[in-house]
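Remarks on the structure that follows.
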Amino acid sequence: MADRRSFLKSIAAAGTAMAGAAAAGVTGEAKAGERREAPPDAVGMLYDTTLCIGCKTCVVACHKANDLEPDTRTDDLHDAPLSLNDQTKNIIKLYKEGDRVSYMKQQCMHCVDPACVGACMIGALQKREYGIVTWDSNRCIGCRYCQVACPYNIPKFQWASAAPKIVKCELCNHRLAEGKIPACCEVCPRQAVIYGKRDELLAEAKRRIAENPGRYVDKVYGEEDGGGTQVLYISHVPFDKLGLPELGAESVPALNREIQHGIYKGFVAPAALYAALGAVMLRNRRSGKGADHE
């Protein structure tokens, strides 16, 4: 019982600190409406629909690189996921309408101002090295708010696991630490998806559009959309046909901050509420095993 009491006290103390930091951090109207920028060392990927042949080599490589079992639930003989799921961080989909055909690569967009990070009350999801959005199992309480918040419907929860994880692309950050590149970029036979610094990828995307008038939609998706993303797209068909939402230039968290700033004048109340909710959910999750002994 003493251990639980100590745990709750530590969470309460953290909540007080969190509320104080929030109050100190949001001191004026400019803070509420400011636009966040990608970090200077931000990396990402550029996907070109005109080069992809739909071979799905990237899907297989992603499974192997991230120690995920092949998804054979719809096909006993092949690694054939139908969408992002608890075993799949990267998927190739087909768009076909009349004689218009395109492939579409879907994975975490690594948003400049991520909705999943804004929704995570304990900080399990954060933008860390190189602006990559990563998940920390030691902090996650399984609330799945990140799934609800993400406008791209990316994070997936392992419902069938006794120790569930949030599954999403982390840009093969473990490979980056070894001096390698994301597995999907390494194996693509057509270089339909390439890896690099975000600013360089953006420049390359604009160069391709400028040098091939009429071949592409005159836009780089992710440059501004939803506050900007570190995964960029250029396409020969409208982006909404590929399943990419029309979000405008403002991020979801930016809108939330603006509303919260107006209502709470400093964000103290919601910060304290998040800390309290986190304490309760962590307590419930961790106390199950010891309840009988107490």
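Numbering (mature numbering (1 follows the signal peptide of the UniProt record, and there is no 0)), first residue to last: -24 to -1, 1 to 270. We put the beta carbon where it would ideally sit given N, CA and C, even for glycine.
Cα-Cα separation, residue i to residue j
i           : j           : result
residue 58  : residue 50  : 8 Å
residue 77  : residue 71  : 6 Å
residue -15 : residue 98  : Because residue -15 carries a pLDDT of 47, less than 50, the predicted location of this residue cannot be relied on, and no value is offered for it.
residue 274 : residue 75  : Lying outside -24 to 270, the shown extent of the chain, residue 274 is not represented and no answer is given.
residue 93  : residue 140 : 19 Å
residue 122 : residue 211 : 28 Å
residue 168 : residue 107 : 22 Å
residue 156 : residue 144 : 19 Å
residue 152 : residue 66  : 17 Å
residue 135 : residue 113 : 15 Å
residue 55  : residue 198 : 29 Å
residue 176 : residue 137 : 40 Å
residue 222 : residue 185 : 20 Å
residue 63  : residue 194 : 35 Å
residue 86  : residue 208 : 10 Å
residue 44  : residue 37  : 10 Å
residue 25  : residue 46  : 25 Å
residue 40  : residue 126 : 26 Å
Beta-carbon gap between residue i and residue j smaller than 9 Å
i           : j           : result
residue 82  : residue 130 : yes
residue 69  : residue 219 : yes
residue 88  : residue 12  : yes
residue 200 : residue 225 : yes
residue 171 : residue 19  : yes
residue 42  : residue 148 : yes
residue 29  : residue 165 : yes
residue 161 : residue 35  : no
residue 27  : residue 181 : no
residue 111 : residue 95  : no
residue 163 : residue 48  : no
residue 17  : residue 105 : yes
residue 109 : residue 146 : yes
residue 217 : residue 10  : no
Local conformation of residue i per DSSP, three classes
i           : result
residue 134 : coil
residue 92  : helix
residue 33  : helix
residue 193 : coil
residue 106 : helix
residue 124 : helix
residue 208 : strand
residue 213 : coil
residue 5   : Reliability fails at residue 5, whose pLDDT of 42 lies under 50, so the model's placement of it is uncertain and the value that follows must be treated cautiously. If DSSP states are grouped into helix, strand and coil, residue 5 belongs with the helices.
residue 218 : helix
residue 231 : helix
residue -21 : The predicted model places residue -21 with a pLDDT of 43, which falls under 50 and marks its position as unreliable, so this point remains unresolved.
Where residue i falls, given that 16 or more other Cβ within 10 Å makes a residue buried
i           : result
residue 229 : buried
residue 174 : buried
residue 53  : exposed
residue 90  : buried
residue 190 : exposed
residue 79  : buried
residue 14  : buried
residue 132 : buried
CB contact check: residue i to chain B, cutoff 9 Å
i           : result
residue 186 : Protein chain content of the structure displayed is limited to a single chain, and chain B is not contained in it.
Which ranges does the alpha helix (DSSP H) cover as unbroken runs of at least 4 residues, wholly within the region 152 to 189, from first to last along the chain? 159 to 163, 174 to 187
Alpha helix (DSSP H) runs contained entirely in the region 11 to 85, provided each spans 4 or more residues: 33 to 41
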